[in-house]
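Chemist: Got a structure here, written out as structure tokens. Questions coming.
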Amino acid sequence: RKALTLSERDAAGVWKGVRNIPLPYSEFGELQPLGIGSPRPNSIALLGASGAGWLALAGEAWELGELDGYETQVKEGRLTDVVAGDLNRDGRKDLVFLETGRNSLELVMFNKARKLTPAVRWPVFEERTFRNRRGDVAEPREALVIDLNNDGRKDLAIVVHDRVLVYLQQ
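Its first residue numbered 1144, the sequence shown is counted upward by one per residue in the working numbering.
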């Protein structure tokens, strides 16, 4: 079950569930009380082998909701990382996904209707080997969206093998 049940004791001292909070992930193995900005616990940390979460139990709380989803169209593709930055200067963050199944980059735009729209995909390199060795590390590994040449436009830098590739906006 992907939910956290909050319980309180009633007047007779019996614990009763008062609220179920849906969780996006159910593989949490540990709960820890946290005092965020307070000496007393006012939130909890949910810890797992491949995920962590934090939930405020008092005060103002933000509610996060899913706007849209994205899956690569690359056969046997794997999206291993994503960086955000306004690459087309429309005032909204675009997403650059690092796809390591076929060693490519995928640029996805967040349109006015709050939907993710694939824009362009390109291979970073064509061969799986580099200098006659098999790579155990997923490539491309890291990316950064930043103005690298002070022209006011965001550029893209990625780490592949032992190199940094720079894509300057034209």
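Positions of the beta carbon are idealized from the N, C-alpha and C atoms, including for glycine.
Within 10 angstroms of its Cβ, does K1258 collect 16 or more other Cβ (buried), or is it exposed?
Modeler: It counts as exposed.
Chemist: Any idea which residues DSSP pairs R1306 with across the strands?
Modeler: Bridge partners of R1306: V1303.
Chemist: Mapping DSSP to helix, strand and coil, what is S1186?
Modeler: Of the three classes helix, strand and coil, the one that applies to S1186 here is strand, per DSSP.
Chemist: With three or more C-beta pairs closer than 8 angstroms as the rule, is the segment 1193–1203 touching the segment 1155–1173?
Modeler: Yes: the two stretches touch, three or more of their Cβ pairs being nearer than 8 angstroms.
Chemist: Can you find the residues in the same chain that come closer than 8 angstroms, C-beta to C-beta, to G1172, ignoring five residues on each side of it along the sequence?
Modeler: L1190, G1191 and A1192.
Chemist: Got a sec? Which residues, its chain only, sit under 8 angstroms from A1286 by beta carbon, not counting five neighbours each side?
Modeler: Hits under 8 angstroms: D1224, V1226, V1239, L1241, L1248, L1299, A1300, I1301 and V1302.
Chemist: Put T1223 into one of helix, strand or coil per three-state DSSP.
Modeler: Reduced to three states, the DSSP call for T1223 is strand.
Chemist: Run through the DSSP bridge pairs and tell me what Q1175 is partnered with.
Modeler: For Q1175, which the question treats as bridged, DSSP gives the partners A1188.
Chemist: What are the start and end residues of the beta strand (DSSP E) that includes F1240?
Modeler: Counting along the chain, the beta strand (DSSP E) containing F1240 begins and ends at D1237 to E1242.
Chemist: Can you check which of these residues, N1231, T1260, L1177 and S1181, is closest to L1210 by C-alpha distance?
Modeler: Cα-wise, what sits closest to L1210 is T1260.
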